[in-house]
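Student:
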Ligand SMILES: Nc1ncnc2c1ncn2[C@@H]1O[C@H](COP(=O)(O)OP(=O)(O)OP(=O)(O)O)[C@@H](O)[C@H]1O
Ligand SMILES: [Mg+2]
């Protein structure tokens, strides 16, 4: 193979800046999508496990809808099809006039998709806390919301920190799909470096290292969080 | 105080409760016993509406538990319940466990709640453990905290569902002692248990259930002297020889 290795390229301008900028977009996209996924997913998880049939049904339909369509297809639907379904003005606004249409669409699409997965984690966490705790809460006269707020959720979220961490990391990796609708995040920047310099190996190695370092850092951080909020006397399960 | 009238309940085709009728007067202690699966837990859960009955009705302190307009949360806050598996809130200290309902349901000030909790923990012999978490306590200690948690709501009656059957033998008496004290202080109690020593000591009446039916409902002395039903005799001889 006749390939001119040049690791220095990664630290030369403008390529270094491109990597940094790409990482920033990846991180912001992931964090924003996570906020949506976590908030909506938690609400849906509560709805799916609560005593109201209609709320259960709404959450179930949501989950089945969003979990079973591939994320890439959802991304295209939101970006290319959804604006066409809107009235002309609104459609144009979504496509072009709203701030950073591609990024915003990617955040919403990935956020809504991941919410369905977070919902299932939250639901299983609540189920793991158990009917006995629910009954104990009700038995002292707490209403359903109080039982969730003070008993079920604090315990459920502790249980599901590991799966939620991996859902966040999945968002982080899925964020690279956003390049298909033109968001210039880390993977897109990497490809751009390759196109400009033909140093694809170095560029993709750099991307791989960056993704891994962030993933690893998040995992470490969540370990610390887990330890911090561990309940005294309980045996660690992870 | 607690009036169960012709209560029946089905899980699908399976009838868990079959026309159960019994009354617990104010200050009375009623022990409910019977073989596994006979519906004891279900009956006691119906009293505070944790399970809904299919037909019949249940009144507590004049309020219909299965009534459409009844504020179930309010009713439950006035009935203490103790579970076989303790069900303390694991993420809270013992003190917070006993304070939670007082703060969130009764809306007591935190000073008042803490005073009451401290007093009750002292009463069940656990004042040194107030700052610990449930997982740091033995089963018997946890169950006594659970009793304190129920009492903190100043209940008009207490329900117990096999409070000692998940405990090691040496801890059973610690819990039973607390319950005996309660009974002797005049608490209205409905207790599912197979601890016949406890029944002998403080029960006013014994209810014997089998296959969802209340087969026997008689004063303690009568029950122990001559149980009417063969089923009750057989059951009793089994648990007394253990
Ligand atoms: N949610 C449920 N769905 C279907 N069947 C149930 C349910 N809960 C209880 N049962 C059944 O109802 C019957 C009575 O249950 P229950 O728990 O009231 O019995 P029990 O007298 O308390 O027994 P034990 O001494 O084992 O605690 C059992 O046969 C049980 O399998
Ligand atoms: Mg039972």
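Protein chains in written order, with the working numbering: chain A, 982 to 1219; chain B, 27 to 268. We put the CB at the ideal spot given by N, CA and C, even for glycine.
Using only the alpha-carbon positions, how far apart do residue 1200/A and residue 1146/A sit?
Tutor: For this step, residue 1200/A is matched to residue 219 along the first chain. For this step, residue 1146/A is matched to residue 165 along the first chain. Cα to Cα, the separation comes out at about 7 Å.
Student: With a cut-off of 8 Å, does the C-beta of residue 162/B fall near any C-beta of chain A?
Tutor: Taking the second chain and counting its residues from 1, one reaches residue 162/B at position 136. Answer yes: the Cβ-Cβ gap between residue 162/B and chain A drops below 8 Å somewhere.
Student: Nearest chain A C-beta to residue 113/B closer than 8 Å, yes or no?
Tutor: Within the second chain, the letter at position 87 stands for residue 113/B. Output row for residue 113/B: interface = yes.
Student: Using the beta-carbon of each residue, which ones in chain A are nearer than 7 Å to residue 76/B?
Tutor: Working through the second chain from its first residue, we reach residue 76/B at position 50. Near residue 76/B (Cβ distances below 7 Å), the residues of chain A are 1116, 1119, 1120.
Student: In or out: residue 108/B buried (at least 16 other Cβ within 10 Å) or exposed?
Tutor: What you label residue 108/B is simply residue 82 of the second chain in a count that begins at 1. That one is buried.
Student: Helix, strand or coil: which one does DSSP assign to residue 185/B?
Tutor: Your numbering for residue 185/B matches position 159 in the second chain. The answer is strand: DSSP assigns residue 185/B an E or B state.
Student: What's the call for residue 1011/A, buried or exposed, on a 16-neighbour Cβ count within 10 Å?
Tutor: In the first chain, counting from the first residue as 1, residue 1011/A sits at position 30. Under this definition residue 1011/A is a buried residue.
Student: Taking 8 Å as the cut-off, does the segment 113-127 of chain B touch the segment 141-148 of chain B (at least 3 CB pairs, one atom from each stretch)?
Tutor: Touching, per the Cβ criterion.
Student: Give me the Cα-Cα distance between residue 220/B and residue 1113/A, rounded to the nearest whole angstrom.
Tutor: The residue labelled residue 220/B in the question sits at position 194 within the second chain. The residue labelled residue 1113/A in the question sits at position 132 within the first chain. Looking at the two C-alpha atoms, the distance is approximately 21 Å.
Student: Check the C-beta distance from residue 171/B over to residue 120/B and give it rounded, since I have them as a contact under 8 Å.
Tutor: By one-based count along the second chain, residue 171/B stands at place 145. By one-based count along the second chain, residue 120/B stands at place 94. Right, the Cβ-Cβ distance comes to about 5 Å (below 8 Å), so this counts as a contact.
Student: Name the two residues that bound the continuous beta strand (DSSP E) containing residue 982/A.
Tutor: As a working mapping, residue 982/A is identified with position 1 in the first chain. No beta strand (DSSP E) holds residue 982/A; DSSP gives it neither H nor E.
Student: To test your reading of the DSSP string, which unbroken alpha helix (DSSP H) runs of 4 or more residues are found completely within the segment 109-163 of chain B?
Tutor: Here the runs fully enclosed are 120-130, 136-149.
Student: Spell out whether any CB of chain A is found under 8 Å from the CB atom of residue 109/B.
Tutor: In the second chain, residue 109/B corresponds to position 83, counting from 1. So yes, residue 109/B belongs to the interface.
Student: Among 132/B, 173/B, 139/B, 137/B, which residue has its Cα nearest to the Cα of residue 152/B?
Tutor: Taking the second chain and counting its residues from 1, the one referred to as residue 152/B is at position 126. It is 173/B.
Student: Against residue 1068/A, what residues of chain B qualify as contacts under a CB-to-CB distance less than 8 Å, listed in chain order?
Tutor: Translated into the one-based positions of the first chain, residue 1068/A becomes position 87. Residues of chain B passing the Cβ test: none, with the nearest at roughly 46 Å.
Student: For residue 161/B and residue 47/B, what's the separation of their Cα atoms in angstroms?
Tutor: Residue 161/B sits at position 135 when you count from the first residue of the second chain. Residue 47/B sits at position 21 when you count from the first residue of the second chain. Their backbone Cα atoms lie some 39 Å apart in a straight line.
Student: Count Cβ pairs between the segment 996-1015 of chain A and the segment 1131-1139 of chain A that sit closer than 8 Å; are there 3 or more?
Tutor: No, they do not touch.
Student: Output yes if chain B places a C-beta closer than 8 Å to the C-beta of residue 1102/A; else output no.
Tutor: Translated into positions along the first chain, residue 1102/A becomes position 121. No - not a single Cβ of chain B is within 8 Å of the one on residue 1102/A.
Student: Residue 1127/A touches chain B at which residues, Cβ-Cβ below 7 Å?
Tutor: Taking the first chain and counting its residues from 1, one reaches residue 1127/A at position 146. 130, listed in chain order.
Student: Whose C-beta lies closer than 6 Å to the C-beta of residue 243/B among residues of the same chain, with five residues either side of it excluded?
Tutor: In the second chain, residue 243/B corresponds to position 217, counting from 1. Closer than 6 Å at Cβ, skipping near neighbours: 48, 233.
Student: Given that a residue counts as buried once 16 or more other Cβ atoms are within 10 Å of its Cβ, and exposed if not, what is residue 1126/A?
Tutor: In the first chain, counting from the first residue as 1, residue 1126/A sits at position 145. Looking at its Cβ environment, which holds fewer than 16 other Cβ atoms inside 10 Å, residue 1126/A is exposed.
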